[in-house]
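Sequential numbering from 0 applies to the sequence shown in numbering that gives the first Met the number 0.
Beta carbons: idealized from backbone N, C-alpha and C, even for Gly.
Being a predicted model, the structure only gives us computed values, none of them experimental.
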Amino acid sequence: MLPMNTVQKSINLSVKLLYSTRIAPQSEQKIPVNVNIPSAILAFHPSFKFVKITSIYTPDSLLNIKNYSTSLTVINPSKFPSFLRKGFIVGFATYNPYEQFYVENNANLSIQQVPDPLFNQLNTIAIPSQFTTSQQEILSLIQHLTDSNQYNQIKLLLFKFQHTFDTSQYKTAQTKIFHAIETYPHTPPVSKCYPGNPTSNLEMRLIVNKLLEADLVRKSQSPYAAPALLTRKKDQTWRLVVDYKKLNAITIKGNHPLPNMEVTLQTLGGGYHYFSKLDLKSGFWQLPIDEKDRHKTAFITPFGLYEWNVLPQGLRNAPPSFQRIMNNVLSSCIDFCLVYLDDIVIFSRNYDEHLIHLEQVLTVLQAHNLTLNPPKCQLAKQTIEYLGHVINSTTITPLPDKIKSILLLPEPKSLAQANRFIGALSWYRKFIPNFASIAAPIHAVTNLSKSHRYKFKWGPEQSKSFTDLKQLLTSSPLLLNFPDDTQPVLLSTDASNVGLGGVLYQEINNVKTILYYHSELLSSSQKRYHPIELEALAIFKCINRMKSFLLGRDIIIYTDNCPICHMMDKKIANKRVEKISLLLQEFNIQQIIHVKGKYNCLPDYLSRHPISYDDELFDSDYGLGFTGDKSSSIQLLGAVVTRSKYKATSTNITSSSSPQQPQTSSDASSFSSTVSNHSNYLVQHFDITELKEHQNNDIQIQKIINNLKRNPNISFDLKDGILYKLQSNYHEKTKRTLIYIPSSMITSLLVSYHDNPLIGGHFAVRRTLNKIQQQFWWPNMKQSVIDHIKSCVVCQAYNVSREKRPGFLHPVPPPDGPNQLIGMDFCGPFPTTPQDNKYVLCLTDYFTKFVTAIPLPVCSA
Numbered sequence: 000m001l002p003m004n005t006v007q008k009s010i011n012l013s014v015k016l017l018y019s020t021r022i023a024p025q026s027e028q029k030i031p032v033n034v035n036i037p038s039a040i041l042a043f044h045p046s047f048k049f050v051k052i053t054s055i056y057t058p059d060s061l062l063n064i065k066n067y068s069t070s071l072t073v074i075n076p077s078k079f080p081s082f083l084r085k086g087f088i089v090g091f092a093t094y095n096p097y098e099q100f101y102v103e104n105n106a107n108l109s110i111q112q113v114p115d116p117l118f119n120q121l122n123t124i125a126i127p128s129q130f131t132t133s134q135q136e137i138l139s140l141i142q143h144l145t146d147s148n149q150y151n152q153i154k155l156l157l158f159k160f161q162h163t164f165d166t167s168q169y170k171t172a173q174t175k176i177f178h179a180i181e182t183y184p185h186t187p188p189v190s191k192c193y194p195g196n197p198t199s200n201l202e203m204r205l206i207v208n209k210l211l212e213a214d215l216v217r218k219s220q221s222p223y224a225a226p227a228l229l230t231r232k233k234d235q236t237w238r239l240v241v242d243y244k245k246l247n248a249i250t251i252k253g254n255h256p257l258p259n260m261e262v263t264l265q266t267l268g269g270g271y272h273y274f275s276k277l278d279l280k281s282g283f284w285q286l287p288i289d290e291k292d293r294h295k296t297a298f299i300t301p302f303g304l305y306e307w308n309v310l311p312q313g314l315r316n317a318p319p320s321f322q323r324i325m326n327n328v329l330s331s332c333i334d335f336c337l338v339y340l341d342d343i344v345i346f347s348r349n350y351d352e353h354l355i356h357l358e359q360v361l362t363v364l365q366a367h368n369l370t371l372n373p374p375k376c377q378l379a380k381q382t383i384e385y386l387g388h389v390i391n392s393t394t395i396t397p398l399p400d401k402i403k404s405i406l407l408l409p410e411p412k413s414l415a416q417a418n419r420f421i422g423a424l425s426w427y428r429k430f431i432p433n434f435a436s437i438a439a440p441i442h443a444v445t446n447l448s449k450s451h452r453y454k455f456k457w458g459p460e461q462s463k464s465f466t467d468l469k470q471l472l473t474s475s476p477l478l479l480n481f482p483d484d485t486q487p488v489l490l491s492t493d494a495s496n497v498g499l500g501g502v503l504y505q506e507i508n509n510v511k512t513i514l515y516y517h518s519e520l521l522s523s524s525q526k527r528y529h530p531i532e533l534e535a536l537a538i539f540k541c542i543n544r545m546k547s548f549l550l551g552r553d554i555i556i557y558t559d560n561c562p563i564c565h566m567m568d569k570k571i572a573n574k575r576v577e578k579i580s581l582l583l584q585e586f587n588i589q590q591i592i593h594v595k596g597k598y599n600c601l602p603d604y605l606s607r608h609p610i611s612y613d614d615e616l617f618d619s620d621y622g623l624g625f626t627g628d629k630s631s632s633i634q635l636l637g638a639v640v641t642r643s644k645y646k647a648t649s650t651n652i653t654s655s656s657s658p659q660q661p662q663t664s665s666d667a668s669s670f671s672s673t674v675s676n677h678s679n680y681l682v683q684h685f686d687i688t689e690l691k692e693h694q695n696n697d698i699q700i701q702k703i704i705n706n707l708k709r710n711p712n713i714s715f716d717l718k719d720g721i722l723y724k725l726q727s728n729y730h731e732k733t734k735r736t737l738i739y740i741p742s743s744m745i746t747s748l749l750v751s752y753h754d755n756p757l758i759g760g761h762f763a764v765r766r767t768l769n770k771i772q773q774q775f776w777w778p779n780m781k782q783s784v785i786d787h788i789k790s791c792v793v794c795q796a797y798n799v800s801r802e803k804r805p806g807f808l809h810p811v812p813p814p815d816g817p818n819q820l821i822g823m824d825f826c827g828p829f830p831t832t833p834q835d836n837k838y839v840l841c842l843t844d845y846f847t848k849f850v851t852a853i854p855l856p857v858c859s860a
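Written out as structure tokens, the structure is:
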């Protein structure tokens, strides 16, 4: 027996899934689990992570553990199956040595009596001790408070309004004002449904069904019909977008003004010490549309016509309408609260006052059934970021993002780069005082003829001039902190083969004033975009970055790409450009104007010296998956090997098969475990356990084995009758140990690594070869992979050649004189010259055979 005065501490034991299991939709099922204890009766409580990630529910209960295992009842309430992998931690079982001793000694009773301490523990678990998702998100917003009294006060206040922070389902606000769609006299615009494939149609049906369940849309019999389509977000989920171009063209423009940014920020600079910034979750989707206008929002899909109950993205007048409704909702809090679209800022002079103000605002939001977005909220802070500025009790400072692209420009290293910099500033030289004298040191080294370009030298004087010019570009009077509400904003953009650039400005009294500079580095995939796609992407990226300056304002865009000038009012025969144009519908773009490249110098220069950002292309607020339902997407459980797992496996293989180690009985067990590990990654057609038998029947392998026994070498290794290939690892001093695949097993291995959907996926030669080379080797591997992929029926059916088929040869008649027939072609790229030339344009006269070579920096138009 244990002494009565001994204090026994409880231990939480992980309850892990014994086998990988599939849970059918809308069903209850028992799953096998294991616990690291031979036998016991323990109190179980599920893991918060398990419930949040899988949306599988299991109750708190008692587990009767025998032989380290037991079963657990789980419920899948969703309409989709859920896959749980082996070893997943389902929850925890609490073990106490004293309670366990008591239960085991009463195990012979027909009716077992659960001890009081265990009952108390179950009672404690039954009362929700873990914070809900919304409560956890609330607590994360106040972690910066170090005063315990302040922390506890605001925690109690926020928990009182946790329903307002609950984003598990969408809710429609209860407001007195609704969004109305006033139109000119017209015939209802109707468009055909965009064609789709079975996969996209299924995804769209799932999204629409979710919107129906959330009461965001409803079935429609409207005479209007706008086409809907899907765009993929950065996290690979889908987003529903509706093309409202025709409806917007007949909608009367609303005139409700947005708050003046300068007045708003000056109000916040009145000596206030505490600020809270609240952001509405998918704000547009919370505001209802007037019942008489809902039929105008109808959109058509391959499986029916639907209309919105709430304000969708892409409608004209959505931002000013949103501002008008929010002003009405928060009119009682105007003395300590400012609203700029879906951003709400509360300001107070001390902490106690701030709690009162925060409670009043949250009370109003809760009364109107509005939901906040916790990750984008900031509570009870003494410094906040708002409308592109950093605000505290003493200063209001512009964020460096708007001028970062200029500040991070590198100094020119060649004559061509210096000339390009001076040329980019020519756009502003008449607005910069004393431009000529400041830029004189740079002009002194750039004003060189072609024969004297080698004299270019960049020194301290040029560096100072370069810094001074950047300072002038990023300070008053050329740079403004606030836009003028009486003038439209002008956006000039450009794209190069390395980045995107844009300048936001206004012309006030014939003087250009800058609001924002932006440049951004292209990703590896974006660098493969068509030029028209890059120019559209530049417009979208700049508008997305400058959103606070542009929403609700008239926008005029300048670009040197003519085809995209009509992308907002006409359909473009390019899917990527078309989708970007739909995402820009919420902005009031008045016109896109084409300008010549020589008048678009600064955006062009910024695009050639981009900086890197780590942002999403699309706003995640209007995503398609709800917070409370993580199981909506159909998942596929596939066998994969992580880098860390592969390195550990490779290290084990190498160490167990090193030629310096003597062969022992442990080598066989080591190889068996290695074979077992590989067998987990290969399925269906390839059984590695037959490897030894096939190697014994392979003539070439037996020759190598016989030679190896007589004369060991560093290229092969024999362990436990299995032949390995030793391959040098260029990154480490050790050698990789690869299994030598006999010729009779090559086909089955290629089928597994190429054709199988779990680990193959019909990848091309490079990716398939890279996967195989990590573990296996045989002579002429690459050619074997090429031949297998060429013979793959699926690959040949889907990988249709995009190249034009060659036609019959047509003889070219010889020219009768010079310059009648000229051939031209580009050569390169070559090493970059001091003039930034990398290509050579070769012109050949077919009559005289005279060749002209012209150096060029690029090989495109």
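State the CB to CB distance for the pair LEU601 and VAL502, rounded to an integer number of angstroms; the pair is presumed to be in contact (CB under 8 Å). Here residue 601 is taken as the residue at index 602 of the sequence shown, counted from 1. Here residue 502 is taken as the residue at index 503 of the sequence shown, counted from 1. LEU601 to VAL502, Cβ: 5 Å. Contact.
Answer yes or no: do LEU17 and LEU41 have a C-beta to C-beta separation smaller than 8 Å? Position 18 of the sequence shown holds residue 17. Position 42 of the sequence shown holds residue 41. Taking 8 Å as the Cβ cut-off, LEU17 and LEU41 do not qualify as a contacting pair.
Answer with buried or exposed for TYR94, where buried requires no fewer than 16 other C-beta atoms within 10 angstroms of its C-beta. Walking along the sequence shown from the start, residue 94 turns up at place 95. Under this definition TYR94 is a buried residue.
Under 8 Å, do LYS316 and THR250 count as touching if we go by C-beta distance? Here residue 316 refers to the residue found at position 317 when the sequence shown is read from its first residue. Here residue 250 refers to the residue found at position 251 when the sequence shown is read from its first residue. It is Asn, not Lys, that sits at residue 316 in the sequence shown. Contact flag set, yes.
Expected contact under 8 Å - CB spacing of SER714 and LEU725 to nearest Å: By 1-based counting over the sequence shown, the position of residue 714 is 715. By 1-based counting over the sequence shown, the position of residue 725 is 726. Right, the Cβ-Cβ distance comes to about 6 Å (below 8 Å), so this counts as a contact.
In the DSSP output, which residue or residues are listed as bridge partners for GLN819? Working through the sequence shown from its first residue, we reach residue 819 at position 820. According to DSSP, GLN819 bridges with nothing at all.
Could you have a look at TYR797 and say whether DSSP puts it in helix, strand or coil? Locating residue 797 in the sequence shown gives position 798, where the first residue counts as 1. Helix at TYR797.
Entirely within the stretch 305-330 and at least 4 residues each: give me those alpha helix (DSSP H) ranges in chain order. 317-328
Are the Cβ atoms of ALA225 and ILE288 separated by less than 8 Å? For the purposes of this step, residue 225 is taken as residue 226 along the sequence shown, with counting starting at 1. For the purposes of this step, residue 288 is taken as residue 289 along the sequence shown, with counting starting at 1. Not closer than 8 Å, so no.
Answer with buried or exposed for THR673, where buried requires no fewer than 16 other C-beta atoms within 10 angstroms of its C-beta. Your numbering for residue 673 matches position 674 in the sequence shown. With a pLDDT of only 40 at THR673, under 50, the local geometry of the prediction cannot be trusted, and the value read off the model is given with reservation. It is buried - the Cβ of THR673 has at least 16 other Cβ atoms within 10 Å.
Give the range of the alpha helix (DSSP H) segment to which CYS600 is assigned. Residue 600 sits at position 601 when you count from the first residue of the sequence shown. Unbroken alpha helix (DSSP H) run through CYS600: 600-606.
Give me the residue from VAL73, THR53, LYS48 and PHE49 with the minimum Cα distance to SER60. On the sequence shown, position 61 is the one that residue 60 refers to. Of the listed residues, the one whose Cα sits closest to SER60 is VAL73.
In the structure shown, what three-state DSSP assignment does TRP777 receive? Position 778 of the sequence shown, counted from the start, is the residue given in the question as residue 777. Note: TRP777 maps to coil in three-state DSSP.
The beta strand (DSSP E) spanning SER491 covers which residue range? Here residue 491 is taken as the residue at index 492 of the sequence shown, counted from 1. Element bounds for SER491: 488-494.
Sorted by chain position, which residues of the same chain lie with C-beta nearer than 8 Å to VAL328's C-beta, five sequence neighbours on each side aside? As a position in the sequence shown, residue 328 is number 329, starting the count at 1. Here the set comprises ALA172, THR174, VAL363, LEU364, HIS367 and LEU369.
Buried or exposed by the 16-neighbour rule on C-beta atoms within 10 Å, applied to HIS608: The residue labelled residue 608 in the question sits at position 609 within the sequence shown. By the 10 Å Cβ count, HIS608 comes out buried.
Per DSSP, which residues does ALA92 bridge with? Please list them. Within the sequence shown, the letter at position 93 stands for residue 92. LEU12 and PHE43, per the DSSP bridge assignment.
Among LYS597, PHE47 and ALA92, which one has its Cα closest to the Cα of ASN560? What you label residue 560 is simply residue 561 of the sequence shown in a count that begins at 1. Residue LYS597 is the option with its Cα nearest to ASN560.
Tell me whether the stretch 352-362 and the stretch 256-266 touch, counting them as touching only if at least three CB pairs, one residue from each stretch, are closer than 8 Å. no
Decide if the stretch 340-349 is in contact with the stretch 265-276; the criterion is three or more beta carbon pairs, one per stretch, under 8 Å apart. yes
In whole angstroms, give me the CA-to-CA distance for LYS295 and SER54. Counted from its first residue, the sequence shown places residue 295 at position 296. Counted from its first residue, the sequence shown places residue 54 at position 55. So the two alpha carbons sit approximately 37 Å from each other.
Considering THR746, what are the terminal residues of the alpha helix (DSSP H) in which it resides? Residue mapping note: residue 746 aligns to position 747 of the sequence shown, counting from 1. That run of the alpha helix (DSSP H) goes 745-749.
Looking only at its own chain, which residues have a Cβ that is under 8 Å from the Cβ of ILE180, when we skip the five neighbours before and after it? Taking the first residue of the sequence shown as 1, we reach residue 180 at position 181. Closer than 8 Å at the Cβ level, and outside the excluded window around ILE180, lie LEU246, THR250, ILE288, ASP289, ASP292, LYS295, THR296, LEU314 and ASN316.
On the three-state DSSP scale, how would you describe ASN706? Residue numbering aside, residue 706 sits at position 707 when the sequence shown is read from its first letter. ASN706 falls in the helix class under three-state DSSP.
Cut-off 8 Å between Cβ atoms - residues of its own chain near LYS412, not counting five sequence neighbours on either side: Taking the first residue of the sequence shown as 1, we reach residue 412 at position 413. For LYS412, where only same-chain residues beyond five positions count, the Cβ hits under 8 Å are TRP457.
Taking DSSP's pairing of strands, which residues face ILE30 in a bridge? The sequence position of residue 30 within the sequence shown is 31, counting from 1. Partner(s): LEU71.
DSSP has PHE274 in a bridge; who is on the other side? Along the sequence shown, read from residue 1 onward, the residue named residue 274 stands at position 275. PHE346 and LYS380.
In chain order, what residues of the same chain lie with their CB nearer than 7 Å to the CB of LYS375, ignoring the 5 residues before and after it? Taking the first residue of the sequence shown as 1, we reach residue 375 at position 376. Correct list, in chain order: ASP278.
I need the DSSP call for ALA763, collapsed to helix, strand or coil. Translated into positions along the sequence shown, residue 763 becomes position 764. Here ALA763 sits in coil by DSSP.
Cβ pair PRO814, PHE849 closer than 8 Å: Counting from one through the sequence shown, the residue named residue 814 turns up at place 815. Counting from one through the sequence shown, the residue named residue 849 turns up at place 850. No.
ASP400 - DSSP class collapsed to helix/strand/coil: Translated into the one-based positions of the sequence shown, residue 400 becomes position 401. Reduced to three states, the DSSP call for ASP400 is helix.
Hey, quick one: how far does the beta strand (DSSP E) through ALA435 stretch, first residue to last? Locating residue 435 in the sequence shown gives position 436, where the first residue counts as 1. ALA435 -> not in any beta strand (DSSP E); alpha helix (DSSP H) instead, spanning 434-445.
Pick helix, strand or coil for ASP844, following the three-state DSSP scheme. Your numbering for residue 844 matches position 845 in the sequence shown. In the structure shown, ASP844 sits in a strand (DSSP, three-state: E or B).
Roughly how many angstroms lie between the CA atoms of THR650 and SER523, to the nearest whole one? Here residue 650 is taken as the residue at index 651 of the sequence shown, counted from 1. Here residue 523 is taken as the residue at index 524 of the sequence shown, counted from 1. Caution is warranted here: a pLDDT of 44 is assigned to THR650, below 50, making its placement in the model unreliable, and no coordinate value can be reported.
When you compare only the Cα positions, how much space is there between VAL216 and THR394? Reading the sequence shown from its first residue, position 217 is the one you call residue 216. Reading the sequence shown from its first residue, position 395 is the one you call residue 394. About 45 Å.
Judging by CA-CA distance, which residue of TRP777, GLU534, HIS442 and LYS574 is the nearest neighbour of GLN694? For the purposes of this step, residue 694 is identified with residue 695 of the sequence shown, where counting begins at 1. Of the listed residues, the one whose Cα sits closest to GLN694 is TRP777.
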